[in-house]
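Just so you know, we're using UniProt numbering here: the sequence shown kicks off at 1 and counts up by one.
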Amino acid sequence: MSPDQAQAQGRLHDTDPVGIIDIGSNSVRLVVYERLTRSPTVLFNEKVLAGLGRGVGVTNRLADDSVERALAALRRFRFLATQAGAETLYVLATAAAREAENGPDFIREVQKITGAKVEVLSGRDEAERSAYGIISGIWRANGIAGDLGGGSLELVDVRGEEIGDGRTYPLGGLRLQDAAEDSVRKAEKIAADALDGCSLLDGGAGRAFYAIGGTWRSLARLYMFETGYPLKVMHHFAIPAGEALDFCRKVAREDLAGFEHIDVISRSRRALLPYGAAVMEQIIRRAQPTEVVMSALGVREGHLYKLLSKKERARDPLIAASEELAILRSRSPRHAGELADWTGRLFEVLEVEESADERRLRTAACLLADIGWRAHPDYRGEQSLNIIAHAAFIGIDHPGRAYLALANFYRHVGLIEEELSPWIRKLATTRLMERARILGSAFRVAYLISAAMPGVMPKTTVRRRNGELVLELPKDIADLDGERLRKRFSQLGRLMELSADVEIA
Numbered sequence: 001m002s003p004d005q006a007q008a009q010g011r012l013h014d015t016d017p018v019g020i021i022d023i024g025s026n027s028v029r030l031v032v033y034e035r036l037t038r039s040p041t042v043l044f045n046e047k048v049l050a051g052l053g054r055g056v057g058v059t060n061r062l063a064d065d066s067v068e069r070a071l072a073a074l075r076r077f078r079f080l081a082t083q084a085g086a087e088t089l090y091v092l093a094t095a096a097a098r099e100a101e102n103g104p105d106f107i108r109e110v111q112k113i114t115g116a117k118v119e120v121l122s123g124r125d126e127a128e129r130s131a132y133g134i135i136s137g138i139w140r141a142n143g144i145a146g147d148l149g150g151g152s153l154e155l156v157d158v159r160g161e162e163i164g165d166g167r168t169y170p171l172g173g174l175r176l177q178d179a180a181e182d183s184v185r186k187a188e189k190i191a192a193d194a195l196d197g198c199s200l201l202d203g204g205a206g207r208a209f210y211a212i213g214g215t216w217r218s219l220a221r222l223y224m225f226e227t228g229y230p231l232k233v234m235h236h237f238a239i240p241a242g243e244a245l246d247f248c249r250k251v252a253r254e255d256l257a258g259f260e261h262i263d264v265i266s267r268s269r270r271a272l273l274p275y276g277a278a279v280m281e282q283i284i285r286r287a288q289p290t291e292v293v294m295s296a297l298g299v300r301e302g303h304l305y306k307l308l309s310k311k312e313r314a315r316d317p318l319i320a321a322s323e324e325l326a327i328l329r330s331r332s333p334r335h336a337g338e339l340a341d342w343t344g345r346l347f348e349v350l351e352v353e354e355s356a357d358e359r360r361l362r363t364a365a366c367l368l369a370d371i372g373w374r375a376h377p378d379y380r381g382e383q384s385l386n387i388i389a390h391a392a393f394i395g396i397d398h399p400g401r402a403y404l405a406l407a408n409f410y411r412h413v414g415l416i417e418e419e420l421s422p423w424i425r426k427l428a429t430t431r432l433m434e435r436a437r438i439l440g441s442a443f444r445v446a447y448l449i450s451a452a453m454p455g456v457m458p459k460t461t462v463r464r465r466n467g468e469l470v471l472e473l474p475k476d477i478a479d480l481d482g483e484r485l486r487k488r489f490s491q492l493g494r495l496m497e498l499s500a501d502v503e504i505a
């Protein structure tokens, strides 16, 4: 590790960075991750749209200009990976390099440039890594995952940690465009015929469809802007299946210039949008899922997940990421853990019902409760809300993000609804809003007792007595009692329609 890295206090350095070069049929990408962990954080990310798969279905060869573009990008990526400290570098290649007759020559050049062995993934390998990507990024996933690249479509069934059989179809955007001779109508027919006998899709009814790949992310991004969706975070963005079907049909059959927000999609991506929409439309028709859920994690993250130990895989990715943020930004990570225990006991006393997922959300909220302390006091609530809502978390859906952000907002601002941005109200359910208010109010009490330092909260007790909420302080911390603490504890009591008192044990 270089001296500069050792001095970067905003980094975690228990292991070295790891890099992955992903050579796809449309793009070539380098991603350097901070370390190999359950919730990987990206240090550097760059892609080049080399178009290696263009024409392969017709000529069976990688085009010379595409090869040159890809190799030039790889020379740059090799240098950047070294610069970022990624001594471990994995190189993955997919459909185009696998199927073209000059693919082996290309792979040899790649290995010379990168100095790393290239793993050429089979269709089954791609489906498996995509499934691992979903397991890594979607907590308790249950549905069919589809990874649409430039050359192929991989489908695989995912139920929790279990991966079913995978299927590969030649329906990648570039290949489909070539096969359909630039006709989206023909592409629809090709996709429909290819997927008609897919028994794997028979198991999709009533479950989610997890969409992976740059073309489908661009499609979802356009939908976000066209519908005015308030949170521009792609991972775990969910679209009801019926709405997704209608939107895909519109993108496939109408002039893209007629979309008001088409400029949010890069020009290099637009040509493949109708083909990605055509494939998605046929999948929804065939599988009948409840919703389409976008995944920002795919083959690369699935590869990392496969490298983890069994113990590390079993960790909750949301809690892992929240713990890391607590280490990097809070005044005391140990206090954050004590806060999770204290609020758990408090919710039991208050008889606040929590599902298993709501308990993990509350734990994450406690770990994140103090990350905004360096901000100006007048803006801590707003800044913390935005950091949490837009953080690169995995293992959490958008309503869950809203809950975490709201609890922190209420902690700093108080239970003042007028100051709350209307966009977040659209994301959080009424149930989560209520629990965020209770948790935020509990935070306001806890930090007056602890001053954000560990060792004090476990000494206190909260109990109910004849319709009254009682906060009990032992004699050795009796001096913490005061008017401000009593006022905030009374606010918590009123929220639960209880009187409240502070007593010295």
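Ideal Cβ positions, reconstructed from N, Cα and C, are used throughout, including at glycine.
Residue of GLU472, GLU497, MET496 and ASP476 minimising C-alpha distance to LEU485:
As a position in the sequence shown, residue 485 is number 485, starting the count at 1. For LEU485, the closest C-alpha among the options GLU472, GLU497, MET496 and ASP476 is that of GLU472.
Helix, strand or coil, according to DSSP, for LEU92 in the structure here?
For this step, residue 92 is matched to residue 92 along the sequence shown. Correct three-state label for LEU92: strand.
Beta-carbon separation (whole angstroms), TYR223 vs SER295, contact threshold 8 Å
Within the sequence shown, the letter at position 223 stands for residue 223. Within the sequence shown, the letter at position 295 stands for residue 295. Cβ atoms of TYR223 and SER295 stay farther apart than 8 Å, at about 15 Å.
According to the neighbour-count rule (16 or more other Cβ atoms, all chains shown, within 10 Å of its Cβ), is SER2 buried or exposed?
Your numbering for residue 2 matches position 2 in the sequence shown. Note that SER2 scores 48 on pLDDT, short of 50, meaning its location in the model is unreliable and no value can be drawn from it.
Cβ-Cβ distance between ARG286 and LEU201 below 8 Å
Stepping through the sequence shown from its first residue, residue 286 is reached at position 286. Stepping through the sequence shown from its first residue, residue 201 is reached at position 201. Cβ distance < 8 Å, so ARG286 and LEU201 count as in contact.
To test your reading of the DSSP string, which unbroken alpha helix (DSSP H) runs of 4 or more residues are found completely within the segment 413-470?
Fully contained in the segment 413-470 are the following alpha helix (DSSP H) runs of length 4 or more, in chain order: 422-425 and 430-450.
By the DSSP assignment, the beta strand (DSSP E) with TYR210 in it spans what residues?
For this step, residue 210 is matched to residue 210 along the sequence shown. Note, TYR210: beta strand (DSSP E), 208-212.
State yes or no: is the C-beta of GLY298 within less than 8 Å of the C-beta of SER25?
Translated into positions along the sequence shown, residue 298 becomes position 298. Translated into positions along the sequence shown, residue 25 becomes position 25. Against a cut-off of 8 Å, the Cβ pair of SER25 and GLY298 comes out as no contact.
If you follow the beta strand (DSSP E) that PRO240 is in, where does it begin and where does it stop?
Looking up residue 240 in the sequence shown gives position 240. Element bounds for PRO240: 238-240.
C-beta atoms of VAL462 and ARG345 nearer than 8 Å:
As a working note, residue 462 is residue 462 in the sequence shown. As a working note, residue 345 is residue 345 in the sequence shown. For VAL462 and ARG345, yes; Cβs fall inside 8 Å.
Straight-line CA distance for ILE504 to ILE449?
Within the sequence shown, residue 504 is the residue found at index 504, counting from 1. Within the sequence shown, residue 449 is the residue found at index 449, counting from 1. Their Cα atoms are separated by approximately 13 Å.
Residues near LYS426 by beta carbon distance below 6 Å, same chain, minus five either side:
The residue given as residue 426 occupies position 426 in the sequence shown. Here the set comprises PRO230.
Using 10 angstroms around the beta-carbon of ILE20, count the other beta-carbons present and answer buried if the total reaches 16, otherwise exposed.
The residue given as residue 20 occupies position 20 in the sequence shown. Counting Cβ neighbours within 10 Å, ILE20 comes out buried, since at least 16 surround it.
Among GLY395, ASN386, ARG329 and GLY381, which residue has its Cα nearest to the Cα of LEU367?
Position 367 of the sequence shown, counted from the start, is the residue given in the question as residue 367. Restricting attention to GLY395, ASN386, ARG329 and GLY381, the CA atom closest to the CA of LEU367 is found in ARG329.
With a threshold of 8 Å between beta carbons, is ASP316 in contact with chain B?
Note that chain B does not occur in the displayed structure, where there is just one protein chain.
With which residues is ILE20 paired in a DSSP beta bridge?
As a first step, residue 20 must be located in the sequence shown, where it is residue number 20. ILE20 is bridged to VAL31 and TYR90.
Consult DSSP for LEU155 and reduce its assignment to one of helix, strand or coil.
Against the sequence shown, residue 155 aligns to sequence position 155. DSSP places LEU155 in strand when its eight states are reduced to three.
Taking the DSSP output, what are the residues bridged to MET294?
Stepping through the sequence shown from its first residue, residue 294 is reached at position 294. Bridge pairing for MET294: ALA211 [DSSP].
Straight-line CA distance for ARG246 to ASN466?
For the purposes of this step, residue 246 is identified with residue 246 of the sequence shown, where counting begins at 1. For the purposes of this step, residue 466 is identified with residue 466 of the sequence shown, where counting begins at 1. Per the sequence presented here, residue 246 reads as Asp, with Arg not at that position. Answer to the nearest angstrom: the Cα atoms are 56 Å apart.
What is the rounded straight-line gap between the Cα of SER266 and the Cα of ARG217?
Against the sequence shown, residue 266 aligns to sequence position 266. Against the sequence shown, residue 217 aligns to sequence position 217. The C-alpha of SER266 lies about 12 Å from the C-alpha of ARG217.
Could you compute how far the alpha carbon of LYS47 sits from the alpha carbon of ALA86?
The sequence position of residue 47 within the sequence shown is 47, counting from 1. The sequence position of residue 86 within the sequence shown is 86, counting from 1. For LYS47 and ALA86, the distance between alpha carbons rounds to 17 Å.
DSSP puts PHE44 in a beta bridge; with which residues?
Along the sequence shown, one-based indexing puts residue 44 at 44. Under DSSP, PHE44 forms a beta bridge with VAL32.
Exposed or buried, what is GLY115 when buried is set at 16 or more other beta-carbons lying within 10 Å of its beta-carbon?
For this step, residue 115 is matched to residue 115 along the sequence shown. It counts as exposed.
Please classify ILE327 as buried or exposed, where buried requires at least 16 other C-beta atoms within 10 Å of its C-beta.
Numbered from its first residue, the sequence shown carries residue 327 at position 327. That one is exposed.
Between GLU497 and SER490, what straight-line distance do the alpha-carbon atoms span, to the nearest angstrom?
Residue numbering aside, residue 497 sits at position 497 when the sequence shown is read from its first letter. Residue numbering aside, residue 490 sits at position 490 when the sequence shown is read from its first letter. About 10 Å.
Does the structure place the segment 170-181 close enough to the segment 143-159 that three or more beta carbon pairs sit under 8 Å?
Contact holds: three or more Cβ-Cβ distances are below 8 Å.
Between PRO474 and GLU338, which are expected to be in contact by the criterion C-beta below 8 Å, what is the C-beta distance as a whole number of angstroms?
If you number the sequence shown from 1, residue 474 lands on position 474. If you number the sequence shown from 1, residue 338 lands on position 338. Not really, about 16 Å apart at Cβ, beyond 8 Å.
What is the DSSP secondary structure of ASN386, reduced to helix, strand or coil?
Here the question's residue 386 lines up with position 386 in the sequence shown. In this structure, DSSP gives ASN386 a helical state, which the three-state scheme calls helix.
Verify whether the separation of the beta carbon atoms of VAL91 and VAL67 is less than 8 Å.
As a first step, residue 91 is located in the sequence shown; it is residue number 91 there, counting from the start. As a first step, residue 67 is located in the sequence shown; it is residue number 67 there, counting from the start. Going by C-beta atoms, VAL91 is not nearer than 8 Å to VAL67.
Can you grab the Cα-Cα spacing for the pair PHE443 / ARG300, in whole Å?
Position 443 of the sequence shown, counted from the first residue, corresponds to residue 443. Position 300 of the sequence shown, counted from the first residue, corresponds to residue 300. CA-CA distance, PHE443 to ARG300, rounds to 38 Å.
Looking at C-alpha atoms only, which residue of GLY213, GLY197 and GLU260 is the closest neighbour of PHE225?
On the sequence shown, position 225 is the one that residue 225 refers to. Of the candidates GLY213, GLY197 and GLU260, the one whose C-alpha sits nearest the C-alpha of PHE225 is GLU260.
Which whole-angstrom value describes the C-beta separation of GLU109 and GLY166, a residue pair presumed to lie in contact below a C-beta threshold of 8 Å?
Locating residue 109 in the sequence shown gives position 109, where the first residue counts as 1. Locating residue 166 in the sequence shown gives position 166, where the first residue counts as 1. About 29 Å; that fails the 8 Å criterion.
So, using beta-carbon positions, are VAL233 and HIS390 closer together than 8 Å?
By 1-based counting over the sequence shown, the position of residue 233 is 233. By 1-based counting over the sequence shown, the position of residue 390 is 390. Yes, these two residues count as a Cβ contact at 8 Å.
In angstroms, rounded to a whole number, what distance separates the CA positions of VAL293 and TRP373?
As a working mapping, residue 293 is identified with position 293 in the sequence shown. As a working mapping, residue 373 is identified with position 373 in the sequence shown. When rounded, the distance between both Cα atoms is 34 Å.
Thinking C-beta only, is LEU49 closer than 8 Å to ALA81?
By one-based count along the sequence shown, residue 81 stands at place 81. By one-based count along the sequence shown, residue 49 stands at place 49. Taking a C-beta distance under 8 Å as the contact criterion, ALA81 and LEU49 do not qualify as a contact pair.
Compare the C-alpha of LYS310 against each of THR37, LEU195 and ALA340 and name the closest.
Numbered from its first residue, the sequence shown carries residue 310 at position 310. Considering only alpha carbons, the answer is THR37.
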